[in-house]
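Q: Numbering (this note's numbering), first residue to last: 42 to 428. Cβ atoms here follow ideal geometry from the backbone N, Cα and C, with glycine treated the same way. Computed from a prediction, not measured in an experiment: that's the story for all the values here.
1. Can you name the residues that DSSP bridges to residue 329?
2. For residue 239, list the residues DSSP reports as bridge partners.
3. What separation, rounded to the nearest whole angstrom, lies between the Cα atoms of residue 212 and residue 422?
4. Considering just the uninterrupted stretch of the alpha helix (DSSP H) at residue 67, what are its terminal residues?
5. Considering only residues of the segment 208 to 235, which uninterrupted alpha helix (DSSP H) runs meet the minimum length of 4 residues and lie entirely inside it, listed in chain order?
6. List the endpoints of the continuous beta strand (DSSP E) containing residue 252.
7. Of the choices 261, 275, 101, whose alpha-carbon is the least far from that of residue 66?
8. At what residues does the beta strand (DSSP E) containing residue 354 begin and finish?
9. On the criterion of 16 or more Cβ atoms from any shown chain inside 10 Å, does residue 141 qualify as buried, or is it exposed?
10. At what residue ranges does the segment 327 to 415 contain a whole run of the beta strand (DSSP E), taking only runs of 3 or more?
11. How is residue 320 classed by DSSP in three states: helix, strand or coil?
12. DSSP three-state call for residue 271: helix, strand or coil?
13. So is residue 215 buried or exposed if we call it buried at 16+ other beta carbons inside 10 Å?
14. I'd like the span of the beta strand (DSSP E) that includes residue 286, first residue to last.
15. Apart from the five residues on each side of it in sequence, which residues of its chain come closer than 8 Å, Cβ to Cβ, to residue 436?
16. Report all residues from its chain with a CB closer than 6 Å to the CB of residue 174; omit the five preceding and five following residues, and keep chain order.
17. Quick check: the Cα distance between residue 76 and residue 197, rounded to an integer number of angstroms?
18. Among 369, 172, 208, which has the Cα closest to the Cα of residue 345?
19. Grouping DSSP H, G and I as helix and E and B as strand, with all else coil, what is residue 167?
20. Spatial neighbours of residue 373 within its chain, please: C-beta separation below 7 Å, excluding the five flanking residues on both sides.
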């Protein structure tokens with residue numbers, strides 16, 4: 042991403058950020074696009090703005106359809122601890138895998154595009170509730186709206202993680218390339234980037250940078266944001282961000298979604314098992330083998346553990362101070378979470394009236410240990426909050 046856009050382009054980007062409606066934003070993006078110089082350094086930015094404009098056109102069209110009474114509910118409310126969206130091409134085996142893992146009463150079909158609307162189901166691993174969402178099939182051009190593809194990809198963007206389901210009896214490399222391309226076109230990556238930058242605008246307080254910068258200073262970030270008319274914001278960085286990473290985040294963040302690959306229908310691909318193994322070794326995403334006939338032998342816990350760890354989550358178990366009983370269902374929080382944050386996740390009363398907590402942990406020589414609100418919990422800790 043270039044860091045040298047002309048002042049006119051930066052001024053027009055301010056109009057984009059100030060737009061109140063999709064129609065206003067679309068018009069502002071058109072003007073911004075006209076002010077971007079055409080050279081190799083701006084190709085990626087121009088492509089990104091083109092995608093945003095296409096997405097806004099679809100959003101405007103969808104709003105018109107809903108207003109006319111022809112809309113259809115597509116969004117899936119998150120339930121449980123982790124939401125995982127299944128993605129695959131037609132007849133990839135998504136629905137068979139979904140039914141096997143969740144026990145949902147759905148019937149897979151040999152006809153392509155038989156799944157018309159997203160279908161949620163639940164699978165549990167060590168007390169952690171995974172909500173899996175079966176989705177309509179993707180095809181080439183999905184990110185541009187083909188066969189409701191943009192709506193499916195929006196589900197993936199809003200989810201915690203994704204599972205790519207590939208038909209092992211077909212061309213797995215081709216299927217993988219198509220899914221990766223459509224995800225990339227929708228600003229979604231399944232490969233952990235060196236830095237994830239999120240810019241949260243606020244009304245006052247100046248610019249606050251949370252995280253590490255590489256080859257730049259906080260003052261460099263402040264000057265960059267001011268060029269685009271942003272004077273008050275929190276810049277959240279995971280990893281080590283360069284100045285161009287911060288600038289790119291201004292035009293729309295890249296969404297990192299941990300992923301796994303499921304090779305379905307492996308019972309129909311025994312003759313090409315060597316090819317499948319080479320594919321699994323070549324990709325940077327863990328690969329799991331699945332067959333509907335051997336559903337009961339599929340170990341979802343391995344896949345669940347991978348996604349759980351990639352999301353940076355931990356399990357904290359709560360202890361009832363009156364009975365001494367430890368809840369079987371853990372509280373799922375991000376690694377690095379403080380005791381006070383756990384209290385907030387349980388109940389607002391415990392958060393507001395927090396006094397101290399007792400923690401039982403294998404890493405202590407003696408348990409329990411009395412701790413304060415800023416104590417950082419770890420996976421498997423048992424906590425009793427006194428309020």
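A: So, from the data block:
1. Your numbering for residue 329 matches position 288 in the chain shown. In the DSSP output, where bridge partners are listed per residue, residue 329 has 303.
2. As a position in the chain shown, residue 239 is number 198, starting the count at 1. BP columns for residue 239 point to 277.
3. In the chain shown, residue 212 corresponds to position 171, counting from 1. In the chain shown, residue 422 corresponds to position 381, counting from 1. Cα to Cα, the separation comes out at about 45 Å.
4. Here residue 67 corresponds to residue number 26 of the chain shown, with the count starting at 1. Its alpha helix (DSSP H) spans residues 63 to 76.
5. Annotation: the segment 208 to 235 contains the following complete segments of the alpha helix (DSSP H) (minimum length 4 residues), in chain order: 213 to 226.
6. The residue labelled residue 252 in the question sits at position 211 within the chain shown. 248 to 254 is the span of the beta strand (DSSP E), which, as asked, contains residue 252.
7. Residue mapping note: residue 66 aligns to position 25 of the chain shown, counting from 1. Cα-wise, what sits closest to residue 66 is 101.
8. Start at 1 with the first residue of the chain shown, and residue 354 comes out as number 313. 354 to 359 is the span of the beta strand (DSSP E), which, as asked, contains residue 354.
9. What you label residue 141 is simply residue 100 of the chain shown in a count that begins at 1. The residue is buried, with at least 16 neighbouring Cβ atoms inside 10 Å.
10. Taking only runs of at least 3 residues, the beta strand (DSSP E) segments lying wholly in the segment 327 to 415 are 328 to 330, 354 to 359, 372 to 375, 397 to 401, 410 to 412.
11. By 1-based counting over the chain shown, the position of residue 320 is 279. Helix, per DSSP.
12. Stepping through the chain shown from its first residue, residue 271 is reached at position 230. Annotated three-state conformation of residue 271 is coil, per DSSP.
13. Start at 1 with the first residue of the chain shown, and residue 215 comes out as number 174. Under the 10 Å beta carbon count, residue 215 is surrounded by fewer than 16 other beta carbons and is classified as exposed.
14. For the purposes of this step, residue 286 is taken as residue 245 along the chain shown, with counting starting at 1. Not the beta strand (DSSP E): residue 286 falls in the alpha helix (DSSP H), residues 284 to 291.
15. In this structure the chain extends from 42 to 428, so residue 436 is not present and cannot be described.
16. In the chain shown, counting from the first residue as 1, residue 174 sits at position 133. For residue 174, where only same-chain residues beyond five positions count, the Cβ hits under 6 Å are 117, 126, 159, 161.
17. Along the chain shown, read from residue 1 onward, the residue named residue 76 stands at position 35. Along the chain shown, read from residue 1 onward, the residue named residue 197 stands at position 156. Going from the Cα of residue 76 to the Cα of residue 197 covers about 32 Å.
18. If you number the chain shown from 1, residue 345 lands on position 304. It is 172 whose Cα lies nearest to the Cα of residue 345.
19. Along the chain shown, one-based indexing puts residue 167 at 126. Coil, per DSSP.
20. On the chain shown, residue 373 is found 332 positions in, with the first residue counted as 1. Excluding residues within five positions, the ones whose Cβ falls inside 7 Å are 122, 169, 354, 356.
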